Amino acid sequence: MPSLSQIVRYFKEAPESRGIYKYFLIAITVELGLVYYVVYEPAIYLESRSRHLTQYAVWLNLIVMLWIVFLFLKKVSEYSREREALKQQQTFRTKFDQK
Numbered sequence: 407m408p409s410l411s412q413i414v415r416y417f418k419e420a421p422e423s424r425g426i427y428k429y430f431l432i433a434i435t436v437e438l439g440l441v442y443y444v445v446y447e448p449a450i451y452l453e454s455r456s457r458h459l460t461q462y463a464v465w466l467n468l469i470v471m472l473w474i475v476f477l478f479l480k481k482v483s484e485y486s487r488e489r490e491a492l493k494q495q496q497t498f499r500t501k502f503d504q505k
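Residue numbers are given in this note's numbering: position 99 of the sequence shown equals residue 505, and the series is strictly consecutive.
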């Protein structure tokens, strides 16, 4: 599991972080919309023909959000490993060049 500093560094440096962030924002917006529809608009929800599908959509969207978080943490870990390997390679080269 990556640390908070690795996650922040990934957001600052990696260009693909913005895409994952946008997917997560879209998923959270959809989830909030579905929950609002079910909880705060029960009259509309109960009269709707798609009320049975809404329950499945809420749970499916939660699974999608968890998948996005897992994908994000995996990308951060890979990015951190690659960055550490590159840093070690550069220090090895500078030590080798000094000799």
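Note that the Cβ used here is the ideal one computed from N, Cα and C, for glycine as well. If you're wondering where the values come from, they're calculated on a predicted model, not measured in any experiment.
### Message
Any heavy atom of the ligand GDP inside 7 Å of the beta-carbon of Lys-418?
### Response
The ligand GDP is absent from the structure shown, which contains no ligands of any kind.
### Task
May I have the straight-line CA-CA distance separating Tyr-451 from Val-445, to the nearest angstrom?
9 Å
#### Entry: Cut-off 7 Å between Cβ atoms - residues of its own chain near Met-407, not counting five sequence neighbours on either side
Leu-479
### Query
In terms of alpha-carbon separation, which member of Val-464, Gln-496 and Ser-423 lies closest to Glu-437?
Val-464
### Task
Could you tell me whether the segment 466-478 touches the segment 424-439, using the rule of 3 or more Cβ pairs below 8 Å?
By the C-beta criterion, the segment 466-478 is judged to be in contact with the segment 424-439, since at least 3 inter-stretch pairs fall below 8 Å.
### Query
Residue ranges of each alpha helix (DSSP H) run of no fewer than 4 residues wholly in the segment 418-497, ordered along the chain?
423-445 and 448-453
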